[in-house]
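Every number in the numbering used here is 16 more than the matching position in the sequence shown, counting from 1. Cβ atoms here follow ideal geometry from the backbone N, Cα and C, with glycine treated the same way. The structure appears below as structure tokens.
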Amino acid sequence: MCDANNPPPLIQNGCGSASFDVPDFLVSTSHPIEAAGYGGVFTDACNKHDVCYGTVWTTKEGCDTRLREDMVASAKALIPPDRWPIFQAEVEGQAAAYSSGLQWGPVQAFISGPVFDQAKTEATCRSWAQGIHRNCL
Numbered sequence: 017m018c019d020a021n022n023p024p025p026l027i028q029n030g031c032g033s034a035s036f037d038v039p040d041f042l043v044s045t046s047h048p049i050e051a052a053g054y055g056g057v058f059t060d061a062c063n064k065h066d067v068c069y070g071t072v073w074t075t076k077e078g079c080d081t082r083l084r085e086d087m088v089a090s091a092k093a094l095i096p097p098d099r100w101p102i103f104q105a106e107v108e109g110q111a112a113a114y115s116s117g118l119q120w121g122p123v124q125a126f127i128s129g130p131v132f133d134q135a136k137t138e139a140t141c142r143s144w145a146q147g148i149h150r151n152c153l
């Protein structure tokens, strides 16, 4: 049920969800200590993914595909240019794994699909509530 006076907020919580936690940082096998020093290089991309899921007219496939591109761009912006060639393949690999993982059968059926559906329900409520407040009150 949607409460127009108290619509659900759009929550950005980095990578993962309440039921499925994944790291916001680069998992590097070649230079793990240095990679850890860059912190949550994927947090911004994952927050954008949360916004995409929570927007009325987006598709799950589109959001999941865009996540891959945003993860690479986010990491590239935070990793120094002279170090980027060292980490580029690992960043691209982790981004591909996250993006495709969200669409993998069991994950889509039991985790990302229900999260997307709930986000859409909440987005519809927010949109409806905004229309009510803008046009009727």
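If the criterion is Cβ atoms closer than 8 Å, does the pair Ser90 and Val57 meet it? yes
Terminal residues of the continuous alpha helix (DSSP H) containing Met87? Lys76 to Leu94
Using a Cβ distance threshold of 8 Å, determine whether the segment 80-88 contacts the segment 111-126, with at least three qualifying pairs required. yes
Phe58, enclosing alpha helix (DSSP H) - first and last residue: No alpha helix (DSSP H) contains Phe58, which DSSP labels as neither H nor E.
Rounded C-alpha distance that separates Glu108 from Pro130: 26 Å
Please classify Pro23: is it buried, with 16 or more other beta-carbons within 10 angstroms of its beta-carbon, or exposed? buried
Checking contacts by CB at 8 Å: is Met87 closer than that to chain D? Protein chain content of the structure displayed is limited to a single chain, and chain D is not contained in it.
For Ala52, which of helix, strand or coil comes out of DSSP? helix
Rounded C-beta distance between Thr155 and Ala145? I'm assuming under 8 Å. Nothing in the structure corresponds to residue 155, since the chain is present only between 17 and 153.
Is it right to say Asp40 is buried, meaning 16 or more other beta carbons lie within 10 angstroms of its own, or is it exposed? buried
So, at 6 Å on beta carbons, what are the nonlocal neighbours of Asp66 in its own chain, with the 5 sequence-adjacent residues on each side left out? Gln28
Once the 5 residues before and after Gln110 are set aside, which same chain residues still bring their CB inside 8 Å of it? Leu42, Val43, Phe58 and Met87
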